[in-house]
Amino acid sequence: LNPKPSRLSVDMERTFIAVKPDGVQRGLIGEIIKRFETRGFKLVASKFMKASEDFMKTHYLDLKDMPFYAGLCKYMSSGPVFAMVWEGQNIVKLVRMMLGETNPADSKPGSIRGDLCINIGRNIIHGSDTLENAKREVGLWFKAEEFVEWTPCAQPFLYE
Ligand code: GDP
Ligand code: MG
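Residues in the sequence shown are numbered from 29 upward in steps of one, following my numbering.
Printed below as a string of structure tokens:
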């Protein structure tokens with residue numbers, strides 16, 4: 029469905045990342061993009077959009093039995109989000125490490141949540157938690173024609 033990750037000597041993965049409505053309102057889109065850019069990951073798709081509540085219910089379907097599910101989906105559709113797909117070696121795991129813990133209170137300084145937010149219900153960013161979920165979320169949020177094919181000039185300096 030989606031264009032294949034770039035062909036390199038290493039296995040490339042793609043992951044879905046979104047700046048949540050609180051991150052957008054707080055003016056953190058640039059700061060968040062900067063972290064992934066400077067890490068060396070490659071941006072392959074992005075859009076600024078408002079998601080519907082039903083769409084967020086599908087996105088968070090695995091949490092449907094949690095007490096915070098309804099509020100979470102309402103909140104995630106209350107304002108614009110910045111949705112992105114990034115590519116890199118081992119990116120799903122590395123991005124989760126960069127996010128910190130789900131609860132910002134448990135997130136170490138240096139992580140995105142540990143540096144930029146306080147409360148579990150306002151933790152500013154989403155990142156896919158497994159490769160399987162990354163594939164599902166990338167396919168849910170982006171159409172094939174929304175991906176940009178390009179070769180960053182830094183690639184030989186990031187990968188052996
Ligand atoms: P994530 O993968 O780290 O984002 O965490 P989960 O997939 O477990 O949960 C999805 C989102 O639901 C989190 O990022 C939080 O915004 C929210 N959430 C998770 N646990 C709680 C909770 O105990 N209370 C509230 N209010 N929100 C929660
Ligand atoms: Mg999750």
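Just so it is clear, CB atoms sit at the ideal spot from N, CA and C, and this is done for glycine as well.
Judged by the Cβ position, Asp157 qualifies as a neighbour of ligand 2 at the 7 Å threshold, a heavy atom of the ligand being closer than this.
Looking at the backbone, the Cα of Phe170 and that of Trp178 are separated by about 17 Å. Taking all protein chains shown into account, Pro49 has 16 or more neighbouring C-beta atoms within 10 Å of its C-beta and is therefore buried. Ranking Tyr97, Met104, Ala111 and Gly55 by CA distance to the CA of Phe76 puts Ala111 first. With a beta-carbon spacing of about 13 Å, Val166 and Val123 fall beyond the 8 Å limit used to define contacts. Per DSSP, the unbroken alpha helix (DSSP H) holding Met125 starts and ends at Ile119 to Leu127. Here Arg63 is not near Met125, since their CB atoms are 8 Å or more apart.
Measuring C-alpha to C-alpha distances from Phe185 to each of Arg42, Thr66 and Met84 identifies Thr66 as the nearest.
The beta carbon of Lys85 is closer than 7 Å to those of Cys101 in its chain, skipping five residues each way along the sequence.
Exposure of Glu81 is indicated by the presence of fewer than 16 other C-beta atoms within 10 angstroms of its C-beta. Put simply, the backbone Cα of Ile152 is about 7 Å away from that of Arg141. When the Cα atoms are used, Glu188 and Glu41 turn out to be separated by approximately 16 Å.
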